[in-house]
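Peer 1: For the record, the sequence lines run as chains A and B.
Numbered continuously in the working numbering, the first sequence closes out at residue 218.
Numbered continuously in the working numbering, the second sequence closes out at residue 218.
Take a look at the following structure, please.
Number of protein chains: 2
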Amino acid sequence: MSATVQYNLALNALGDPTRRAIFEKLEKGPLSVVHIAKGMAVSRPAVSQHLKVLREAKLITMKTEGTRSIYNIDPEGIRIIREYLDRFWDEALDNFKVLAEKQQRNKHKK
Amino acid sequence: MSATVQYNLALNALGDPTRRAIFEKLEKGPLSVVHIAKGMAVSRPAVSQHLKVLREAKLITMKTEGTRSIYNIDPEGIRIIREYLDRFWDEALDNFKVLAEKQQRNKHKK
DNA sequence: ACTAACCGTAAGTTTAAACTAACCATTAAA
DNA sequence: TTTAATGGTTAGTTTAAACTTACGGTTAGT
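In structure tokens form, the structure reads like this:
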């Protein structure tokens, strides 16, 4: 699996609102599948499918306890997205500065 | 527009591979629409539609120069996603530590 | 051994959104 | 004042993926 695939998986995974809802449910700590599915708009199998996508993107981890599957936030996926965004951060800040300077010059003209 | 909508727009925008390709084309600096569309797999109108989504998500800015529309990376959208990810960062690192400690204990048992 | 709880997967359907084609508006150049 | 270049939007189609239903496999308890 090449390095560029990593952030594609992660950003694709968090691009879906249902998957974000699942991800956010794990914000306070680990949960089983039934726990995650409880109160959600979609069925439990749908949740399972989303969990798989999130897991492949390294945004969550899974461990089994008896018959339960316990899911948890994985820092790796978060790190991957952060790293991707950092690629654009310098350029974006630079753009912002140039724009700010232009606006300054326009103020002086008035 | 409520605050929670912000990161939904941004993550949804970067969730699409074609939009990421556009976003990445702007990494090196501002470009016009024809420039962005050149060499891409989809038509120019498709690019225009994607640019609109990226703009509404504050991931890019737009200015006009004559008949050209010049697009550029916007730091605000990046900041919004970073802020969202930070919500999970502490929890995720905590999980990671607990797991690492467990693995340490298992090593000692051997 | 039987039953119940938990969860993953496969098959098939539904739906949201990505896409193209066509059109129109604006600006610059000839 | 044509002509060309640029790009936004609309309508309609296509397609990818989200979803449900049904099923089977595993583990814990009785």
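Ideal Cβ placement from N, Cα and C applies to all residues, glycine included.
Using a Cβ-Cβ cut-off of 6 angstroms (strictly less than) and excluding sequence neighbours within five positions of lysine 217 of chain A, which residues of its own chain qualify?
Peer 2: Residue 217 of chain A sits at position 109 when you count from the first residue of the first sequence. The predicted position of lysine 217 of chain A is uncertain, since its pLDDT is 46 and thus under 50; a value taken from the coordinates is nonetheless stated next. Answer for lysine 217 of chain A: no residue qualifies.
Peer 1: Who are the neighbours of glycine 123 of chain A on chain B, taking C-beta pairs under 9 angstroms?
Peer 2: By one-based count along the first sequence, residue 123 of chain A stands at place 15. Per Cβ cutoff of 9 angstroms: Leu119, Asn120, Ala121, Leu122, Gly123, Asp124.
Peer 1: Establish whether the CB of isoleucine 181 of chain B and some CB of chain A are separated by less than 8 angstroms.
Peer 2: The count along the second sequence starts at 1 and reaches residue 181 of chain B at position 73. Yes, contact with chain A.
Peer 1: Along the beta strand (DSSP E) that carries threonine 172 of chain A, what are the first and last residues, could you check?
Peer 2: Numbered from its first residue, the first sequence carries residue 172 of chain A at position 64. That run of the beta strand (DSSP E) goes 168-173.
Peer 1: Given threonine 126 of chain A, which residues of its chain have a CB within under 7 angstroms of its CB, disregarding the five upstream and five downstream residues?
Peer 2: One-based indexing of the first sequence puts residue 126 of chain A at position 18. For threonine 126 of chain A, where only same-chain residues beyond five positions count, the Cβ hits under 7 angstroms are Val150, His158.
Peer 1: Chain A partners of leucine 193 of chain B, CB-CB under 7 angstroms?
Peer 2: On the second sequence, position 85 is the one that residue 193 of chain B refers to. In chain order, Ile186, Ile189, Arg190 make up the part of chain A whose C-beta sits under 7 angstroms from the C-beta of leucine 193 of chain B.
Peer 1: For a contact meaning CB atoms closer than 8 angstroms, what does arginine 128 of chain A contact in chain B?
Peer 2: Here residue 128 of chain A refers to the residue found at position 20 when the first sequence is read from its first residue. By Cβ distance, chain B contributes Asn116, Leu119.
Peer 1: Taking 8 angstroms as the cut-off, decide whether the C-beta atoms of aspartate 124 of chain A and glycine 123 of chain B are in contact.
Peer 2: Indexing the first sequence from 1 puts residue 124 of chain A at position 16. Indexing the second sequence from 1 puts residue 123 of chain B at position 15. Yes, they are a contact pair.
Peer 1: Would you mind stating whether serine 220 of chain A and isoleucine 178 of chain A have Cβ atoms separated by less than 8 angstroms?
Peer 2: Lying outside 109 to 218, the shown extent of chain A, residue 220 of chain A is not represented and no answer is given.
Peer 1: Under the DSSP definition of a beta bridge, which residues are partnered with arginine 176 of chain B?
Peer 2: Here the question's residue 176 of chain B lines up with position 68 in the second sequence. Paired residues: B:Glu173.
Peer 1: Less than 8 angstroms between CB atoms is the rule here; does leucine 162 of chain B satisfy it with respect to chain A?
Peer 2: On the second sequence, residue 162 of chain B is found 54 positions in, with the first residue counted as 1. So, not an interface residue.
Peer 1: May I ask you to verify whether the segment 194-208 of chain B touches the segment 130-149 of chain B, counting CB pairs closer than 8 angstroms and requiring at least 3?
Peer 2: no
Peer 1: Between the alpha carbons of proline 153 of chain B and arginine 163 of chain B, how many angstroms are there, rounded?
Peer 2: Sequence index remark: in the second sequence, residue 153 of chain B carries index 45 (1-based). Sequence index remark: in the second sequence, residue 163 of chain B carries index 55 (1-based). Their Cα atoms are separated by approximately 15 angstroms.
Peer 1: In terms of residue numbering, what span does the alpha helix (DSSP H) encompassing alanine 165 of chain B cover?
Peer 2: The residue given as residue 165 of chain B occupies position 57 in the second sequence. Taken as a continuous stretch (DSSP letters only), alanine 165 of chain B belongs to no alpha helix (DSSP H), as it is neither H nor E.
Peer 1: Counting only the same chain and skipping the five closest in sequence on each side, list residues whose C-beta sits under 6 angstroms from that of asparagine 172 of chain B.
Peer 2: Position 64 of the second sequence, counted from the first residue, corresponds to residue 172 of chain B. For the sequence presented, residue 172 of chain B should be read as threonine rather than asparagine. Setting aside the 5 residues that flank it on each side, threonine 172 of chain B has no residue in the same chain whose C-beta is closer than 6 angstroms to its C-beta.
Peer 1: Could you tell me which residues DSSP pairs with isoleucine 181 of chain A in its beta bridges?
Peer 2: Sequence index remark: in the first sequence, residue 181 of chain A carries index 73 (1-based). Per DSSP, A:Ile168.
Peer 1: With a cut-off of 8 angstroms on the beta carbons, I'd call tyrosine 115 of chain A and isoleucine 186 of chain A a contact; round off their distance for me.
Peer 2: Position 7 of the first sequence, counting from 1, holds the residue named residue 115 of chain A. Position 78 of the first sequence, counting from 1, holds the residue named residue 186 of chain A. Their Cβ separation, rounded to whole angstroms, is 11 angstroms, which puts tyrosine 115 of chain A and isoleucine 186 of chain A out of contact at 8 angstroms.
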